[in-house]
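Participant:
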Amino acid sequence: MSSLEEGDPKLRGTRAPSRMQGQAARSTEESTHEAKKPFQQVIDVSTGDSHRAGMKPVSFVRQVLAACVYPELLDENNLPLDARQRAHKLLGACTGGSVGSYSATAYGIPYVCKSVAEFIMKRDGGVRSNPEDIIFAPGSTKTLLMVLHLMASGEGEHCTAVLTPMPCPHTLPMLLDMAGLILVPYQLMEDRGGAVDLEELHRALETTRGRCSPRAIYISNPGNPTGHVQDRKSIEDVIRFAATEGLVLLADEVYQDSVYGQGKEFLSYKRVLFEMGKEYSETVELISFHSLSSGCMGECGLRGGYMEAVNLDQAVLKYLRGLQASSSPPVFPQLALEVMVNPPKPEDPSYKTYSQNAHRACEFLNDLPGMKCQPAWGGVFIFPRMHLPHQMVEEAKVLGVKADVLYCQMLLEEEGVRLGAGCENGQEDPNYHIRLCVLAPPDTLEEMLARLQAFHLRLLERFP
Amino acid sequence: MSTQAVNGSVSRGKVLTLDTMNPNVKKVEYAVRGAIVQRALQIEKELKEGVKKPFTEVIKANIGDAHAMGQKPITFLRQVLALCSYPALLEDNKFPEDAKQRARRILAACGGHSIGAYSASQGIECIRQDVSRYIEKRDGGIPSNPDNIYLSTGASDAIVTMLKLLVCGEGHDRTGVMISIPQYPLYSAALADLAAVQISYYLDEDKCWSLDVTELKRAVTAARQHCNPRVLCIINPGNPTGQVQSRQCIEDVIRFAKEEHLFVMADEVYQDNVYAEGCKFHSFKKVLFEMGPEYSSTVEMASFHSTSKCYMGECGFRGGYMEVINMDPEVKAQLTKLVSVRLCPPVTGQALLDLVVNPPQPDEPSYSMFMKERTEVLAALAEKARLTEKTFNTVPGIICNPVQGAMYTFPRITLPQKCIDTAKEEGLAPDMFYCMRLLEEEGICLVPGSGFGQREGTFHFRMTILPPTEKLKDVLQKIRDFHVRFTKQFS
Numbered sequence: 043m044s045s046l047e048e049g050d051p052k053l054r055g056t057r058a059p060s061r062m063q064g065q066a067a068r069s070t071e072e073s074t075h076e077a078k079k080p081f082q083q084v085i086d087v088s089t090g091d092s093h094r095a096g097m098k099p100v101s102f103v104r105q106v107l108a109a110c111v112y113p114e115l116l117d118e119n120n121l122p123l124d125a126r127q128r129a130h131k132l133l134g135a136c137t138g139g140s141v142g143s144y145s146a147t148a149y150g151i152p153y154v155c156k157s158v159a160e161f162i163m164k165r166d167g168g169v170r171s172n173p174e175d176i177i178f179a180p181g182s183t184k185t186l187l188m189v190l191h192l193m194a195s196g197e198g199e200h201c202t203a204v205l206t207p208m209p210c211p212h213t214l215p216m217l218l219d220m221a222g223l224i225l226v227p228y229q230l231m232e233d234r235g236g237a238v239d240l241e242e243l244h245r246a247l248e249t250t251r252g253r254c255s256p257r258a259i260y261i262s263n264p265g266n267p268t269g270h271v272q273d274r275k276s277i278e279d280v281i282r283f284a285a286t287e288g289l290v291l292l293a294d295e296v297y298q299d300s301v302y303g304q305g306k307e308f309l310s311y312k313r314v315l316f317e318m319g320k321e322y323s324e325t326v327e328l329i330s331f332h333s334l335s336s337g338c339m340g341e342c343g344l345r346g347g348y349m350e351a352v353n354l355d356q357a358v359l360k361y362l363r364g365l366q367a368s369s370s371p372p373v374f375p376q377l378a379l380e381v382m383v384n385p386p387k388p389e390d391p392s393y394k395t396y397s398q399n400a401h402r403a404c405e406f407l408n409d410l411p412g413m414k415c416q417p418a419w420g421g422v423f424i425f426p427r428m429h430l431p432h433q434m435v436e437e438a439k440v441l442g443v444k445a446d447v448l449y450c451q452m453l454l455e456e457e458g459v460r461l462g463a464g465c466e467n468g469q470e471d472p473n474y475h476i477r478l479c480v481l482a483p484p485d486t487l488e489e490m491l492a493r494l495q496a497f498h499l500r501l502l503e504r505f506p
Numbered sequence: 011m012s013t014q015a016v017n018g019s020v021s022r023g024k025v026l027t028l029d030t031m032n033p034n035v036k037k038v039e040y041a042v043r044g045a046i047v048q049r050a051l052q053i054e055k056e057l058k059e060g061v062k063k064p065f066t067e068v069i070k071a072n073i074g075d076a077h078a079m080g081q082k083p084i085t086f087l088r089q090v091l092a093l094c095s096y097p098a099l100l101e102d103n104k105f106p107e108d109a110k111q112r113a114r115r116i117l118a119a120c121g122g123h124s125i126g127a128y129s130a131s132q133g134i135e136c137i138r139q140d141v142s143r144y145i146e147k148r149d150g151g152i153p154s155n156p157d158n159i160y161l162s163t164g165a166s167d168a169i170v171t172m173l174k175l176l177v178c179g180e181g182h183d184r185t186g187v188m189i190s191i192p193q194y195p196l197y198s199a200a201l202a203d204l205a206a207v208q209i210s211y212y213l214d215e216d217k218c219w220s221l222d223v224t225e226l227k228r229a230v231t232a233a234r235q236h237c238n239p240r241v242l243c244i245i246n247p248g249n250p251t252g253q254v255q256s257r258q259c260i261e262d263v264i265r266f267a268k269e270e271h272l273f274v275m276a277d278e279v280y281q282d283n284v285y286a287e288g289c290k291f292h293s294f295k296k297v298l299f300e301m302g303p304e305y306s307s308t309v310e311m312a313s314f315h316s317t318s319k320c321y322m323g324e325c326g327f328r329g330g331y332m333e334v335i336n337m338d339p340e341v342k343a344q345l346t347k348l349v350s351v352r353l354c355p356p357v358t359g360q361a362l363l364d365l366v367v368n369p370p371q372p373d374e375p376s377y378s379m380f381m382k383e384r385t386e387v388l389a390a391l392a393e394k395a396r397l398t399e400k401t402f403n404t405v406p407g408i409i410c411n412p413v414q415g416a417m418y419t420f421p422r423i424t425l426p427q428k429c430i431d432t433a434k435e436e437g438l439a440p441d442m443f444y445c446m447r448l449l450e451e452e453g454i455c456l457v458p459g460s461g462f463g464q465r466e467g468t469f470h471f472r473m474t475i476l477p478p479t480e481k482l483k484d485v486l487q488k489i490r491d492f493h494v495r496f497t498k499q500f501s
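Residue numbers (my numbering), protein chains in the order written: chain A, 43 to 506; chain B, 11 to 501.
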């Protein structure tokens with residue numbers, strides 16, 4: 043029988059998702075097994091999965107998709123005219139007029155590439171975007187994995203390394219392991235809400251000497267999970283650093299539409315790059331990522347993402363575009379992406395919900411003893427720090443888990459609330475954190491906070 | 011990497027270059043979307059711009075995309091997907107009750123009752139249960155455990171995942187993977203990308219592309235000199251050859267796999283596409299279990315299926331699954347970890363798969379229309395398979411094996427020496443040269459046999475049998491005329 047020893051050591055070395063995280067989200071069916079618990083339903087805010095938490099999809103998008111999937115609906119009046127018209131247009135972009143055909147190319151449907159390029163140009167105040175630089179894949183995780191795979195080369199001190207923020211999205215360490223790349227951590231400044239510090243970037247880079255070959259720097263803006271939104275200067279600093287140190291810049295901008303901090307605005311890396319003049323705009327290799335899992339759509343399960351690759355070597359870009367030749371990206375989510383980048387009307391009121399939620403959650407948590415929550419300016423998570431009782435930390439050691447994982451396990455068991463343990467975001471220091479997604483209907487959020495509070499206070503009594 | 015120029019500004023070469031990128035990616039080729047398709051797209055563009063050509067459209071008979079060629083989707087499937095996409099339609103009385111019932115069940119299994127929520131990374135549990143039931147029914151009651159079912163983004167995703175899991179080792183110990191020649195180039199591409207060793211075994215063209223165990227033995231024995239053979243891949247019904255393996259052959263392959271300690275990967279995506287009289291689809295799993303516990307409890311296997319082919323043709327949805335059998339529990343844990351990294355397969359693809367394994371039953375309102383549509387699609391394909399074989403065999407210089415199943419024909423073409431020499435001068439494989447000429451003169455896009463592998467000195471092309479019957483007749487005629495012309499021109 044094929045045994046573990048015969049398997050790929052790179053795979054064996056891939057860090058396992060923690061028991062809490064296991065899958066991105068468990069199915070709702072599982073909550074029926076929890077019928078004997080003191081709570082009715084599990085509230086899962088551990089991932090950026092807003093639909094799971096009760097947020098409703100955007101009607102227009104779903105109406106368009108329904109008509110695309112079942113074109114008989116194009117002739118019926120129970121769907122609004124504008125949705126039907128959009129569906130008709132999108133079907134025209136599908137081979138054979140069917141969403142069941144393969145994407146026309148390995149990198150996606152050309153018409154949708156064009157729509158995305160137009161969106162980017164409009165977003166960035168006219169900075170040109172080339173449709174040939176746009177590549178689709180089933181989710182931003184996949185787009186990132188494709189880039190990491192493309193960059194995987196070298197042994198020992200020549201092995202590709204990626205500067206990675208701490209904390210980072212909880213799936214990123216696993217992706218790097220799988221792609222065979224070295225993770226080089228750089229700490230984000232918690233007391234400044236997760237800001238990037240140039241000295242820290244330099245320090246991190248120093249650690250790679252003779253050990254590995256840093257070729258890329260990853261950053262998410264708005265920050266996942268910190269909620270930090272970079273200002274122009276910060277973005278310029280990172281670009282200059284990437285330029286000087288010879289790094290490909292991987293900018294994860296999936297939460298670009300979720301910015302709510304006072305006086306904060308989203309500036310894309312692309313825009314800032316091009317506004318820094320030719321010296322940078324014509325040289326820095328930048329790949330930006332966006333997806334349907336964004337705050338405004340929350341369509342995580344549809345698996346749709348794209349990247350824009352700028353200033354890449356043309357021969358290399360050709361390979362990147364051809365990576366999915368034998369399994370082209372799914373059509374359905376590309377159509378949803380087209381509607382996302384080309385909405386019928388300006389942003390809807392659901393945006394207000396997120397900013398209120400984040401503010402409310404932060405305030406509430408700051409009132410709990412031992413909890414410190416930095417204000418989030420954007421993104422969909424908050425990432426409060428916890429001071430956990432010494433006895434609990436000891437108990438966790440005995441059980442062979444990290445203390446924040448134990449906290450989350452107990453919370454799930456006792457109160458039916460699933461949060462993310464901060465260690466999943468790569469945070470190795472003794473400051474424990476929890477990760478909460480604030481994309482939920484306000485009353486679900488209130489319920490969740492109430493249960494968390496009850497648990498937390500009980501915990502502090504149990505472990506004085 | 012970075013140099014300070016005289017004026018103080020930074021200048022450097024690119025970071026990501028052909029030298030610093032993943033060297034394996036450079037070795038990957040996938041002929042189905044290769045150079046000839048690029049030229050076909052270019053010609054389409056020229057036609058659109060009004061350039062005059064001897065034809066008015068390019069017929070893309072290179073890719074197994076049924077809907078692209080005008081095949082209609084199955085109504086029931088699309089109705090349920092529309093209901094899942096926009097659940098407000100559940101109030102619309104134009105949708106049949108059985109479609110609504112399926113949609114409600116799928117939505118109940120989704121987080122927040124939305125297909126927009128992530129699912130478990132192995133796939134929605136109740137869908138995996140439905141897949142197991144389907145497999146049990148298909149295989150005469152042989153049990154299938156939903157825990158062994160992994161839903162995937164098309165079968166290709168599952169195939170690549172399995173290969174990632176199995177390929178390891180260095181030098182002499184590097185994993186060798188047996189693949190048929192000719193083969194579907196997903197396999198050769200994946201092996202190149204993983205830097206696995208490809209072990210080619212030849213199908214017998216003179217015996218209708220059948221598989222001979224002595225050839226398997228020859229290939230694996232030779233391979234043991236330089237690698238560690240661990241995997242045997244087989245496509246049944248075959249792509250590009252269309253052969254449907256006999257039950258005896260499948261038993262022989264299983265026996266061989268056990269003797270040589272090989273993991274069997276059975277690609278069965280065309281399992282409903284069987285046309286020839288006397289041919290029947292036998293699932294590898296069924297045969298394995300009917301060979302008794304000596305085999306059924308030891309031989310490690312993964313079977314693959316998808317929503318892209320058969321009667322559905324829903325390639326764009328990327329629905330698929332694999333069933334793993336007799337996998338070491340620790341290896342299975344690695345597999346589960348591996349699939350969790352990409353979060354989950356598209357939920358719409360999972361929903362579609364659920365309908366394929368759980369279609370309307372005789373007592374349900376959609377049953378008769380569903381069966382009518384399904385039968386029509388499969389009957390049309392069977393007819394086109396016969397027509398294709400018959401027509402090509404009337405052409406001097408083309409020999410066409412019966413298209414027993416799948417969606418393609420892979421006829422052998424005789425090419426005059428002058429053609430071979432001219433092709434060499436132009437740096438093209440002779441069958442690529444032939445296909446390019448056909449494309450330029452008739453606007454028909456095929457894939458040359460060199461993209462799939464063939465015996466040295468032989469030439470083929472792969473054509474899909476998907477165009478509508480009348481158009482297919484026209485295509486066959488044009489290829490016949492072209493071949494005669496071409497042969498004359500190069501003699």
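The C-beta atom is built at its ideal place from N, Cα and C for all residues, glycine as well.
1. Within a Cβ cutoff of 6 angstroms, which residues of the same chain sit near G343 (chain A), ignoring the five residues on either side of it in sequence?
2. Do M473 (chain B) and T404 (chain B) come within 7 angstroms of each other at the CB atom, strictly closer than that value?
3. Taking 7 angstroms as the CB-CB limit, is R514 (chain A) close to chain B?
4. I'd like to know if the segment 336-354 of chain A and the segment 168-182 of chain A are in contact, where contact means that at least 3 CB-CB pairs between them fall below 8 angstroms.
5. Specify the secondary structure class of F266 (chain B) as computed by DSSP and reduced to three states.
6. Where G122 (chain B) and I209 (chain B) are concerned, what is the direct C-alpha to C-alpha distance, given to the nearest angstrom?
7. List, in order along the chain, the chain A residues whose C-beta lies closer than 7 angstroms to that of G323 (chain B)?
8. With respect to the alpha helix (DSSP H) encompassing E169 (chain B), which residues constitute its N-terminal and C-terminal limits?
9. Along the beta strand (DSSP E) that carries G139 (chain A), what are the first and last residues, could you check?
10. Within 7 angstroms of any Cβ in chain B, is that where the Cβ of T183 (chain A) sits?
11. Anything in the segment 306-327 of chain A with a Cβ closer than 8 angstroms to a Cβ of chain B? List those residues in chain order, please.
12. For G121 (chain B), name the three-state secondary structure that DSSP assigns.
13. Going by DSSP, which residues form a beta bridge with Q208 (chain B)?
14. Within 7 angstroms (strictly less), CB to CB, does N158 (chain B) reach chain A?
15. Are the beta-carbon atoms belonging to V301 (chain A) and G167 (chain A) less than 7 angstroms from one another?
16. So, is the C-beta of D355 (chain A) closer than 7 angstroms to a C-beta in chain B?
17. Would you decide whether E324 (chain B) is buried or exposed? Buried here means 16 or more other CB atoms lie within 10 Å of its CB.
18. Rounded to whole angstroms, what's the CA-CA distance from L117 (chain B) to C94 (chain B)? Just pull it up for me.
19. Looking only at its chain, what residues have a beta carbon closer than 8 angstroms to the beta carbon of L502 (chain A), apart from the 5 residues adjacent to it on each side?
20. Out of curiosity, what's the CA-to-CA distance linking I430 (chain B) and T424 (chain B)?
21. Alpha carbon to alpha carbon, what distance is there between V100 (chain A) and A146 (chain A)?
22. Just curious, the alpha helix (DSSP H) that R313 (chain A) is in, first and last residue?
23. Here's the rule I'm using: 16 or more other beta-carbon atoms within 10 Å means buried, otherwise exposed. How should D282 (chain B) be labelled?
24. According to DSSP, is V204 (chain A) part of a helix, a strand, or is it coil?
25. By the three-class DSSP mapping on this structure, what secondary structure does H332 (chain A) have?
26. Under 8 angstroms Cβ-Cβ, which residues of chain A neighbour I209 (chain B)?
27. Just the Cα atoms here: how many angstroms apart are A165 (chain B) and V106 (chain A)?
28. Could you tell me the alpha carbon to alpha carbon distance between L441 (chain A) and L448 (chain A), rounded to whole angstroms?
29. If you follow the alpha helix (DSSP H) that M193 (chain A) is part of, which residue opens it and which one closes it?
30. Helix, strand or coil for P156 (chain B)? Go by DSSP, reduced to three states.
31. What are the boundary residues of the beta strand (DSSP E) that G347 (chain A) is part of?
32. Using a cut-off of 9 angstroms between C-beta atoms, extract the partners of H236 (chain B) located in chain A.
33. If you run the structure through DSSP and keep just helix, strand and coil, what is C237 (chain B)?
Facilitator: Working from what's here:
1. Here residue 343 (chain A) corresponds to residue number 301 of the first sequence, with the count starting at 1. Cβ within range, chain order: n/a, list empty.
2. In the second sequence, counting from the first residue as 1, residue 404 (chain B) sits at position 394. In the second sequence, counting from the first residue as 1, residue 473 (chain B) sits at position 463. In this structure, M473 (chain B) does not lie closer than 7 angstroms to T404 (chain B) by Cβ.
3. The first residue shown for chain A is 43 and the last is 506, placing residue 514 (chain A) beyond what the model contains.
4. yes
5. As a position in the second sequence, residue 266 (chain B) is number 256, starting the count at 1. Here F266 (chain B) sits in helix by DSSP.
6. By 1-based counting over the second sequence, the position of residue 122 (chain B) is 112. By 1-based counting over the second sequence, the position of residue 209 (chain B) is 199. About 48 angstroms.
7. Numbered from 1 along the second sequence, position 313 holds the residue referred to as residue 323 (chain B). Those are G142, listed as they occur along chain A.
8. For the purposes of this step, residue 169 (chain B) is taken as the residue at position 159 of the second sequence. Sequence inspection shows Ile at residue 169 (chain B); the Glu mentioned does not correspond to that position. It spans 164-176 - the alpha helix (DSSP H) in which I169 (chain B) sits, taken as one unbroken run.
9. Looking up residue 139 (chain A) in the first sequence gives position 97. Note, G139 (chain A): premise wrong, no beta strand (DSSP E); not H, not E.
10. Within the first sequence, the letter at position 141 stands for residue 183 (chain A). So yes, T183 (chain A) belongs to the interface.
11. E321, T325, E327
12. Along the second sequence, one-based indexing puts residue 121 (chain B) at 111. Reduced to three states, the DSSP call for G121 (chain B) is helix.
13. On the second sequence, residue 208 (chain B) is found 198 positions in, with the first residue counted as 1. According to DSSP, which records beta bridges pairwise, Q208 (chain B) is partnered with B:V187.
14. Position 148 of the second sequence, counted from the start, is the residue given in the question as residue 158 (chain B). No, its Cβ sits nowhere closer than 7 angstroms to a Cβ of chain A.
15. Locating residue 301 (chain A) in the first sequence gives position 259, counting from the first residue. Locating residue 167 (chain A) in the first sequence gives position 125, counting from the first residue. Result no, Cβ atoms of V301 (chain A) and G167 (chain A) do not sit closer than 7 angstroms.
16. As a working mapping, residue 355 (chain A) is identified with position 313 in the first sequence. Taking Cβ atoms only, chain B reaches closer than 7 angstroms to D355 (chain A), which makes this a yes.
17. Locating residue 324 (chain B) in the second sequence gives position 314, where the first residue counts as 1. Buried is the call here.
18. Along the second sequence, one-based indexing puts residue 117 (chain B) at 107. Along the second sequence, one-based indexing puts residue 94 (chain B) at 84. Whole-angstrom Cα-Cα distance: 7 angstroms.
19. To locate residue 502 (chain A), count along the first sequence from 1; it is residue 460. P411, G412, P431.
20. Counting from 1 along the second sequence, the entry for residue 430 (chain B) is found at position 420. Counting from 1 along the second sequence, the entry for residue 424 (chain B) is found at position 414. Going by the C-alpha atoms only, they are around 10 angstroms apart.
21. Walking along the first sequence from the start, residue 146 (chain A) turns up at place 104. Walking along the first sequence from the start, residue 100 (chain A) turns up at place 58. One C-alpha to the other measures close to 27 angstroms.
22. Here residue 313 (chain A) refers to the residue found at position 271 when the first sequence is read from its first residue. 311-316 is the extent of the alpha helix (DSSP H) around R313 (chain A).
23. Locating residue 282 (chain B) in the second sequence gives position 272, where the first residue counts as 1. It counts as buried.
24. Locating residue 204 (chain A) in the first sequence gives position 162, counting from the first residue. Residue state, collapsed to three classes: strand.
25. Residue mapping note: residue 332 (chain A) aligns to position 290 of the first sequence, counting from 1. Three-state result, H332 (chain A): strand.
26. Indexing the second sequence from 1 puts residue 209 (chain B) at position 199. Result: empty, since nearest Cβ-Cβ is about 17 angstroms, beyond 8 angstroms.
27. For the purposes of this step, residue 165 (chain B) is taken as the residue at position 155 of the second sequence. For the purposes of this step, residue 106 (chain A) is taken as the residue at position 64 of the first sequence. The alpha-carbon atoms of A165 (chain B) and V106 (chain A) are separated by roughly 28 angstroms.
28. One-based indexing of the first sequence puts residue 441 (chain A) at position 399. One-based indexing of the first sequence puts residue 448 (chain A) at position 406. So the alpha carbons of these two residues sit roughly 9 angstroms apart.
29. As a first step, residue 193 (chain A) must be located in the first sequence, where it is residue number 151. 182-193 is the span of the alpha helix (DSSP H), which, as asked, contains M193 (chain A).
30. Reading the second sequence from its first residue, position 146 is the one you call residue 156 (chain B). Helix, per DSSP.
31. Within the first sequence, numbered from 1, the residue matching residue 347 (chain A) stands at position 305. Counting along the chain, the beta strand (DSSP E) containing G347 (chain A) begins and ends at 347-352.
32. Residue 236 (chain B) sits at position 226 when you count from the first residue of the second sequence. Neighbours of H236 (chain B) on chain A: none; closest Cβ ~18 angstroms, over 9 angstroms.
33. For the purposes of this step, residue 237 (chain B) is taken as residue 227 along the second sequence, with counting starting at 1. It is coil, neither helix nor strand.
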